[in-house]
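*Asks:* Have a look at the structure that comes next, please.
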Amino acid sequence: MCGIVGIIGAAANEDSLTKMLNTQRHRGPGFTGTYTKPKLCLGHNRLAIIDLSNNANQPFISACGNYILIFNGEIYNYVELREELKKSYHFKTTSDTEVLLAAFIIWGKECLNKFNGMFSFAIWDKEQKRLFAARDRFGVKPFYYTKNQDSFFFASEIKTLFAADVSKQPNSKVWATYFAFGNYGMPSETFWKDIFQLPGGHYLEFKEDKLTIEKYYMFEEAVKKQPILNFAEAKEYYLELLKDSINLRFRADVPVGFNISGGLDSSLLLALVNQNYKGKNINAYTFYTGHQGYDELQWAETLISTTENPLSKVKLDAEEVIDLASQFAHFQDEPFGGIPTIAYGKIFAEASKQGVKVLLDGQGMDEQWAGYDYYFNESDATIQGVKDSPFRKNVLKKEFLKLAEKPSYPKPFSDKLLNLQYRDLFFTKIPRALRFNDRISMAASTELREPFLDYRLVEFAFAQPLEYKFHNGIQKYLLRELVSDFLPDSITFTPKRTMQTPQREWLADELQPWVEEVLNNIQDHPWFNSDELEEEIKAYFHGRNDSSFHIWQWISFALLKNPEF
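Using the UniProt record's numbering, read the sequence shown as starting at 1 and increasing by one per residue.
Set out below in structure tokens:
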């Protein structure tokens, strides 16, 4: 996993390229490579995971000299693809980087449908003077870009674009929609004006100042092609896919560990990891806060007691939030998920200290198997476990509020549940979680892999009957039945816990002086009604705190706010 940057056009120069690479050096501190020609600059920050030799450094130039690749991520099935390609291409490394480039040379854009991985990459075709870039199916790895007059800039992080003197101005519509409806932007949007992201499952081409973007991952069609199996067959088939997905994501030339909570999904991950890699002393990581009402530590310890994995328990204290919130805002570039994200981020820092460069986690099961409560009630919520409204539109000036657009999502399926799952997979839950997780893992120069987001698993789970997902009041039913073959019922049927840290209490109590100080910086901002804002803050401190989401929204804005706006 790495960082990529590029400038195409009159603005391309080595000084700007160097600034960009230095800005995101945390993504790949091992090696920094560049390729520069008139009106073309490409750069790469490398975090070596597969083929640690210098031969796999980037930018990677094809044997013919015509193609230059910069690549962030992993192609997990590179071994199988290499075997398929070796008759047509002579390999000089054992890296997945070269496999990616060979696949593009031999198959063109069709290579994207052959990759099982997480990736964003760009390939410059010297002969055609054309850039081809793509992002993985679900958008695990980021790709940001902007067109500035006669030049095209792209990078793995937004701040990297700012380092090249791209204008930093807020996208007022996205901010207004975030405050009013909690939406973090649609797939191509960011919180910054004229800065866009390539949506997951899309590719772009840039040639002669013309930018075209196309979708290559047709998820809806893939779901329709999936087999509908009886329960026993579906359970067995899904288990085999799971095992293969985990095995693929253990391909690395550096140590691999994994993150656990006490929940069902990480329980399954733990069970399968130890079934396949028993005795290899694979490190596990979890966080806790010391608050019994929220901590999953006892569940994690119960879980880990069934295996021999060493468990690193990483504690977050309330006072740490003050400094870490600013640090995380810097790495995130956009609003992030609050104190749980900070706590999770500490895990990667600890793993990095221990020399573990790759971690696996259990993201993606709730969206596959309908694990959220609101899937089965009349609520249209995207925030679990909140009764009071998490938004406070009354604090927004009328002119600003008018910019907000209530999000409307595609409904490609005839089934309401599938459409909610689709929304969470491509527009709400998964995109924001992946963005948060990419930044916190890369801030510590570590790689996060998501075995449950293997596209084969998601497509198959989506296609299965409702009763496999919800049966006799039990959610994620097939998954729980599968886990019961490995772990005791006390773990298999534990209820889903919606909160992981005492954010609500900390912001209202231990961190109250800090919250007041931070929010004082936005009291006079033209987007807010200062009196209403002050009243809502007081109300929160005096007990109206069923949800702390609105408080964190304002903190996020204050931490990211530019003096100019």
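Backbone N, C-alpha and C fix where the C-beta goes; we use that ideal spot for every residue, glycine too.
Across which residues does DSSP place E214 in a beta bridge pair?
*Replies:* In DSSP, E214 forms a bridge with Y203.
*Asks:* Could you tell me if R544 is buried or exposed, where buried requires 16 or more neighbouring beta carbons within 10 angstroms of its beta carbon?
*Replies:* Per the 10 Å Cβ criterion, exposed.
*Asks:* With a threshold of 6 Å on Cβ separation, who are the neighbours of M499 within its own chain once the five nearest residues in sequence on each side are excluded?
*Replies:* With a pLDDT of 49 at M499, under the threshold of 50, the modelled position of that residue is not reliable, and the figure given next carries that caveat. Only Y294 meet the Cβ criterion.
*Asks:* Tell me the DSSP secondary structure of P410 in three-state form.
*Replies:* Looking at P410 - three-state DSSP - the assignment turns out to be coil, as it is neither helix nor strand.
*Asks:* In three-state DSSP terms, what is A122?
*Replies:* Strand, per DSSP.
*Asks:* What residue from H26, L42, P29 and F391 has the CA that sits closest to S16's CA?
*Replies:* Ranking the options by Cα distance to S16, first place goes to L42.
*Asks:* In chain order, what residues of the same chain have a beta carbon less than 6 Å from the beta carbon of A444, not counting five sequence neighbours either side?
*Replies:* Answer for A444: F348, A349 and S352, listed in chain order.
*Asks:* With respect to the alpha helix (DSSP H) encompassing S16, which residues constitute its N-terminal and C-terminal limits?
*Replies:* Note, S16: alpha helix (DSSP H), E14 to T23.
*Asks:* Work out the CA separation of L453 and P335 for me, nearest whole Å.
*Replies:* Each residue's Cα considered, the two are about 23 Å apart.
*Asks:* Between the Cα of F287 and the Cα atoms of Q332, Q275, D361 and S261, which residue gives the shortest distance?
*Replies:* The option with the nearest alpha carbon to F287 is S261.
*Asks:* For K39, which option in H26, R423 and A12 has the closest C-alpha, if you only look at C-alpha atoms?
*Replies:* Closest by alpha carbon: A12.
*Asks:* Which partner residues of S312 appear in the DSSP bridge assignment?
*Replies:* Per DSSP, Y285.
*Asks:* Would you say A122 and I4 are within 8 Å of each other, going by their C-beta atoms?
*Replies:* Contact: yes.
*Asks:* Three-state secondary structure (DSSP) at Q523?
*Replies:* Coil at Q523, not helix or strand.
*Asks:* Quick one: Cα of P471 to Cα of Y477, how far?
*Replies:* Strictly speaking, residue 471 in this sequence is His, with Pro absent from that position. The alpha-carbon atoms of H471 and Y477 are separated by roughly 6 Å.
*Asks:* Please look up how many angstroms separate the CB atoms of T190 and F196, rounded, as I've assumed it's under 8 Å.
*Replies:* Contact holds; Cβ gap of about 6 Å.
*Asks:* Using the Cβ count rule (16 or more neighbours within 10 Å means buried), how would you classify D165?
*Replies:* D165 should be labelled exposed.
*Asks:* From what residue to what residue does the alpha helix (DSSP H) around K469 run?
*Replies:* L466 to K469 is the span of the alpha helix (DSSP H), which, as asked, contains K469.
*Asks:* Are the segment 132-141 and the segment 196-216 touching by the rule of at least three beta carbon pairs closer than 8 Å?
*Replies:* Cβ pair count under 8 Å is three or more, so yes.
*Asks:* Pairing CB atoms from the segment 321-329 with CB atoms from the segment 409-418, are three or more of them under 8 Å?
*Replies:* At 8 Å Cβ cutoff, the stretches do not touch.
*Asks:* Output the distance between the C-alpha atoms of N304 and P451, rounded to the nearest integer angstrom.
*Replies:* This sequence places Ile at residue 304; Asn is not what is there. Distance between the alpha carbons of I304 and P451: 19 Å.
*Asks:* Report yes if the CB atom of G73 is closer than 8 Å to the CB atom of M118, and no otherwise.
*Replies:* Taking 8 Å as the Cβ cut-off, G73 and M118 qualify as a contacting pair.
*Asks:* If we ignore side chains and look at the alpha-carbon of each, how far apart do I339 and L511 end up?
*Replies:* For I339 and L511, the distance between alpha carbons rounds to 12 Å.
*Asks:* Could you check what DSSP says for residue 582 in three-state terms: helix, strand or coil?
*Replies:* Nothing can be reported for residue 582, as the shown portion of the chain is limited to 1 through 565.
*Asks:* State whether the segment 74-94 contacts the segment 105-120, with contact taken as three or more CB pairs (one from each stretch) at a distance under 8 Å.
*Replies:* These segments touch.
*Asks:* Taking the alpha-carbon positions, what's the I8 to Y237 distance?
*Replies:* The straight-line gap from Cα to Cα measures roughly 46 Å.
*Asks:* For L311 and L360, what's the separation of their Cα atoms in angstroms?
*Replies:* Looking at the two C-alpha atoms, the distance is approximately 14 Å.
*Asks:* Just to check my reading of the structure: F427 and P187 have Cβ atoms closer than 8 Å, yes? What is that Cβ distance to the nearest angstrom?
*Replies:* So it is a contact: roughly 7 Å between Cβ atoms.
*Asks:* Quick one, are the C-beta atoms of G33 and H44 less than 8 Å apart?
*Replies:* Contact: yes.
*Asks:* F462 by DSSP, collapsed to three states: which one?
*Replies:* Correct three-state label for F462: helix.
*Asks:* In this structure, how does DSSP classify C64 when only helix, strand and coil are distinguished?
*Replies:* Of the three classes helix, strand and coil, the one that applies to C64 here is coil, per DSSP.
*Asks:* Using CA coordinates, which residue listed in H550, E157 and D373 is at the minimum distance from G337?
*Replies:* Nearest option by C-alpha distance: H550.
*Asks:* Once the 5 residues before and after I61 are set aside, which same chain residues still bring their CB inside 6 Å of it?
*Replies:* Excluding positions up to five away in sequence, the list reads I68.
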